[in-house]
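> Everything in the sequence shown is counted per our numbering, starting at 7 for the first residue and increasing by one.
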Amino acid sequence: MIYAPNHAHWQMATALMGSQRLGDLLEARNVNDVVFGHLHKRQAAQTIANTTYYHQPMGYGLRRLNEWDGSDWFEEWRKTLVWLEV
7 MIYAPNHAHW
17 QMATALMGSQ
27 RLGDLLEARN
37 VNDVVFGHLH
47 KRQAAQTIAN
57 TTYYHQPMGY
67 GLRRLNEWDG
77 SDWFEEWRKT
87 LVWLEV
């Protein structure tokens, strides 16, 4: 993602992606898992330092923009779930 400080629209989007400061805070507080989903395509979990990031967006299931594997809303939602044991 491109950081565009002079474009208010992109400021809204990048705010949802976190920041270096947030990453530092998560690491300092020994956060084990982070689940987020602002981007539209699902990706495999990624571990940075001691924190595992689960990127689990729903994406769009529209006729003009379809990012789903299937056509059923509930099944797509089910695929975004992350089960963590605490």
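Built from N, CA and C at the ideal position, the CB exists for glycine as well.
It should be emphasised that the depicted structure is a prediction, and the values quoted were computed from it without experimental measurement.
Looking only at C-alpha atoms, which of 59, 24 and 26 sits nearest to residue 48?
Counting from one through the sequence shown, the residue named residue 48 turns up at place 42. Taking only the C-alpha atoms, the option nearest residue 48 is 59.
> Helix, strand or coil: how does DSSP classify residue 75 here?
Sequence index remark: in the sequence shown, residue 75 carries index 69 (1-based). Correct three-state label for residue 75: coil.
> Provide the residue span of the alpha helix (DSSP H) that contains residue 26, from first to last.
Counted from its first residue, the sequence shown places residue 26 at position 20. 26 to 34 is the span of the alpha helix (DSSP H), which, as asked, contains residue 26.
> Within 10 Å of its beta-carbon, does residue 32 have 16 or more other beta-carbons around it, so buried, or fewer, so exposed?
For the purposes of this step, residue 32 is taken as residue 26 along the sequence shown, with counting starting at 1. When all chains shown are included, residue 32 counts as buried.
> Going by C-alpha distance, which of 54, 12 and 46 is nearest residue 67?
Translated into positions along the sequence shown, residue 67 becomes position 61. Checking every option, the nearest Cα to that of residue 67 belongs to 46.
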